[in-house]
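Beneath this line is the structure, given in structure tokens, with notes to follow.
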Amino acid sequence: MNELAAATAESLDVEAVRAQFPILARTVNGRPLLFLDSAASSQKPRRVVEELRRFYYEDYANIHRGVYELSQRASQLHDQARRAVQRFLGARDWREIVFVRSTTEAINLVAWSFLRPRLRPGDEILVTEMEHHANIVPWQIVAGERDARVVVVPVTDAGELDLDALRRMLGPRTRLLAVTWVSNVLGTVNPVAEIAALARARGVPVLVDAAQAAPHLPVDVAALGCDFLAFSAHKMYGPTGVGVLWARLEHLEAMPPWQGGGDMIDRVSFAGTTFADPPFRFEAGTPDIAGIVALREAVAFVEALGRARIAAYEAALVARLEARLGEIPGVRVLGRPARRASAVAFTVDGVHHQDLGTMLDLEGVCIRTGHHCAMPLHARFGLAGSARASVAVYNTREEIERFADILARTIALLRG
Ligand code: PLP
87 MNELAAATAE SLDVEAVRAQ FPILARTVNG RPLLFLDSAA SSQKPRRVVE
137 ELRRFYYEDY ANIHRGVYEL SQRASQLHDQ ARRAVQRFLG ARDWREIVFV
187 RSTTEAINLV AWSFLRPRLR PGDEILVTEM EHHANIVPWQ IVAGERDARV
237 VVVPVTDAGE LDLDALRRML GPRTRLLAVT WVSNVLGTVN PVAEIAALAR
287 ARGVPVLVDA AQAAPHLPVD VAALGCDFLA FSAHKMYGPT GVGVLWARLE
337 HLEAMPPWQG GGDMIDRVSF AGTTFADPPF RFEAGTPDIA GIVALREAVA
387 FVEALGRARI AAYEAALVAR LEARLGEIPG VRVLGRPARR ASAVAFTVDG
437 VHHQDLGTML DLEGVCIRTG HHCAMPLHAR FGLAGSARAS VAVYNTREEI
487 ERFADILART IALLRG
């Protein structure tokens with residue numbers, strides 16, 4: 087970490103941050119909650135929960151339908167959320183922001199509406215060995231329908247993408263490259279701008295899965311140079327049930343709808359239907375209006391802390407976590423990437439990760455155990471599963487030390 091980053095890391099008042107998350111004050115099994123599973127879903131600050139409540143109590147109505155004041159007010163708040171996300175991502179145009187249910191739904195939308203119509207037998211979709219199932223299975227489904235192939239960029243022993251292999255694998259049949267920005271298992275931060283430049287130089291569109299990046303790193307789609315980017319509100323201090331797809335407007339304009347219903351049409355008759363312009367064409371039916379309105383508060387929460395400051399603060403936590411894990415006998419940390427964000431996965435010699443998770447729960451510690459929806463990555467390391475600790479901006483240095491102490495004690499106990 088350079089000096090500037092160190093200074094900004096120290097300037098984050100973590101106790102003031104924690105005070106915004108009431109759940110962090112509770113106990114679990116009689117112990118103070120030690121929450122290290124934010125990669126699965128983050129906790130929610132008061133301003134997000136209060137906005138949900140306020141919206142339902144004061145401003146709730148369906149959007150884009152009523153001429154009455156309340157519906158117009160709800161529609162306005164929904165529009166403002168879209169513009170907040172547009173600014174947050176550095177997007178050129180609000181029409182590039184499509185509200186969906188989750189990262190999963192965003193990727194499925196691109197698979198069905200963008201890729202499927204242009205996929206021919208023998209075509210290839212490039213993904214990587216470190217993808218979450220959400221960035222594998224939708225491509226497999228459309229590839230299966232079109233006799234196309236999913237081709238996999240390997241991961242090195244260090245837990246990084248093999249960029250030489252990626253260069254070689256970008257071929258004349260590659261129709262799309264789908265890559266995660268941050269691995270939800272290893273925490274590896276991939277050089278997605280460099281990867282996007284490589285792919286686009288060969289005319290290959292790029293989808294970036296930013297589910298694990300949006301809560302932790304500054305995001306600027308113009309600087310990234312990708313074609314599509316997806317993230318979920320619930321991993322970024324926002325509500326469940328809301329996700330975002332950003333896409334270049336020229337792609338959205340050329341894409342057919344993938345779900346039909348209310349709100350996505352221009353005119354409907356039994357002779358035929360015409361569709362609305364993006365983003366509405368991709369937003370059939372009533373969305374999670376309150377969730378979208380409250381997402382604006384999650385964005386404001388992150389922006390108020392500052393994304394560079396969050397990244398610097400968390401980088402120091404992750405470095406300490408990795409160092410402490412490395413000191414515990416029998417603990418093997420997966421990968422050693424040059425840059426990690428949030429997540430560190432590990433195994434313990436002679437101890438099953440599920441047993442470890444159960445024992446840690448008795449100490450008030452929440453970590454994730456299992457395959458973390460990344461079975462192929464675990465297979466790559468010869469594993470069925472692992473334990474994973476992941477941090478967010480509300481975790482403290484003291485929690486990392488406490489976690490390492492509890493873990494060491496628990497492992498000693500389990501190994502008898
Ligand atoms: N991509 C990555 C890298 C993830 O970590 C996750 C969730 O863990 C997803 C996609 C899927 O997110 P969601 O379940 O919110 O759709």
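Just so we're aligned: the sequence shown equals residues 87 to 502 in the working numbering. Ideal Cβ placement from N, Cα and C applies to all residues, glycine included.
Tell me which same chain residues have a C-beta within less than 6 Å of the C-beta of Q172, skipping the five on either side of it? Position 86 of the sequence shown holds residue 172. Correct list, in chain order: W180 and I183.
Going by Cα to Cα distance, which pick from I149, W344 and I193 is closest to V330? Looking up residue 330 in the sequence shown gives position 244. Comparing Cα-Cα distances from V330 to each of I149, W344 and I193, the minimum goes to I193.
To the nearest angstrom, how far is the alpha carbon of R202 from that of C459? Residue numbering aside, residue 202 sits at position 116 when the sequence shown is read from its first letter. Residue numbering aside, residue 459 sits at position 373 when the sequence shown is read from its first letter. Rounded to the nearest whole angstrom, the C-alpha separation of R202 and C459 is 24 Å.
Taking DSSP's pairing of strands, which residues face E280 in a bridge? The residue labelled residue 280 in the question sits at position 194 within the sequence shown. Under the DSSP definition of a beta bridge, E280 lacks any partner.
Have a look at A93 and T214 and give me their C-alpha separation to the nearest angstrom. Translated into the one-based positions of the sequence shown, residue 93 becomes position 7. Translated into the one-based positions of the sequence shown, residue 214 becomes position 128. In this prediction, A93 scores a pLDDT of 47, lower than 50, which makes its location untrustworthy; the coordinate-derived value is nonetheless stated afterwards. About 35 Å.
Separation of R112 from P118, as counted between CA atoms: Walking along the sequence shown from the start, residue 118 turns up at place 32. Walking along the sequence shown from the start, residue 112 turns up at place 26. For P118 and R112, the distance between alpha carbons rounds to 6 Å.
What residue range is occupied by the uninterrupted alpha helix (DSSP H) comprising A316? Residue numbering aside, residue 316 sits at position 230 when the sequence shown is read from its first letter. Segment F314 to S318 is the beta strand (DSSP E) holding A316; no alpha helix (DSSP H) there.
Under 8 Å between the Cβ atoms of I497 and G416? Taking the first residue of the sequence shown as position 1, residue 497 is located at position 411. Taking the first residue of the sequence shown as position 1, residue 416 is located at position 330. Yes.
Between which residues of its own chain and G245 is the CB-CB distance below 8 Å, once the five residues before and five after are set aside? As a first step, residue 245 is located in the sequence shown; it is residue number 159 there, counting from the start. So the list reads M216, S269, L272, T274, L420, G421, R422 and P423, once near-sequence residues are dropped.
Which residue marks the beginning of the beta strand (DSSP E) containing R261, and which one marks its end? The count along the sequence shown starts at 1 and reaches residue 261 at position 175. Residues T260 to T266.
Should H218 be counted as a contact of the ligand PLP given a C-beta to heavy atom distance under 7 Å? For the purposes of this step, residue 218 is taken as the residue at position 132 of the sequence shown. Indeed, a heavy atom of the ligand PLP lies less than 7 Å from the Cβ.
Counted within 10 angstroms of its Cβ, other Cβ atoms place D295 as buried (16 or more) or exposed: Within the sequence shown, the letter at position 209 stands for residue 295. Buried is the call here.
First and last residue of the uninterrupted alpha helix (DSSP H) at F387: As a first step, residue 387 is located in the sequence shown; it is residue number 301 there, counting from the start. Judged by DSSP secondary structure, F387 falls within the alpha helix (DSSP H) whose first and last residues are I375 to L391.
Under the three-state DSSP convention, the category R501 falls into: Within the sequence shown, numbered from 1, the residue matching residue 501 stands at position 415. Of the three classes helix, strand and coil, the one that applies to R501 here is coil, per DSSP.
What are the start and end residues of the beta strand (DSSP E) that includes S472? Counted from its first residue, the sequence shown places residue 472 at position 386. Under the DSSP assignment, S472 falls in the beta strand (DSSP E) whose first and last residues are S472 to S476.
With distance defined between alpha-carbon atoms, name the residue in A309, R288, N276 and R495 nearest to T242. Locating residue 242 in the sequence shown gives position 156, where the first residue counts as 1. For T242, the nearest C-alpha among the options comes from N276.
Going by the beta-carbon positions, is the gap between Y323 and F366 smaller than 8 Å? Position 237 of the sequence shown, counted from the start, is the residue given in the question as residue 323. Position 280 of the sequence shown, counted from the start, is the residue given in the question as residue 366. At least 8 Å separates the beta-carbon of Y323 from that of F366.
Is it the case that the stretch 332-339 contacts the stretch 301-313, given that we only count it when at least three CB pairs across the two stretches are under 8 Å? In short, these stretches touch, since the Cβ pair count reaches three.
Between the Cα of C452 and the Cα atoms of I486, G348 and A300, which residue gives the shortest distance? If you number the sequence shown from 1, residue 452 lands on position 366. Nearest of I486, G348 and A300 to C452, Cα basis: I486.
Going by alpha carbons, who is nearest to I109 out of A125, Q129 and I227? If you number the sequence shown from 1, residue 109 lands on position 23. Comparing alpha carbon positions, the residue from A125, Q129 and I227 closest to I109 is Q129.
Consider the C-beta atom of G329 and the heavy atoms of the ligand PLP; say whether any pair is separated by less than 7 Å. Residue numbering aside, residue 329 sits at position 243 when the sequence shown is read from its first letter. G329: yes, Cβ under 7 Å from the ligand PLP.
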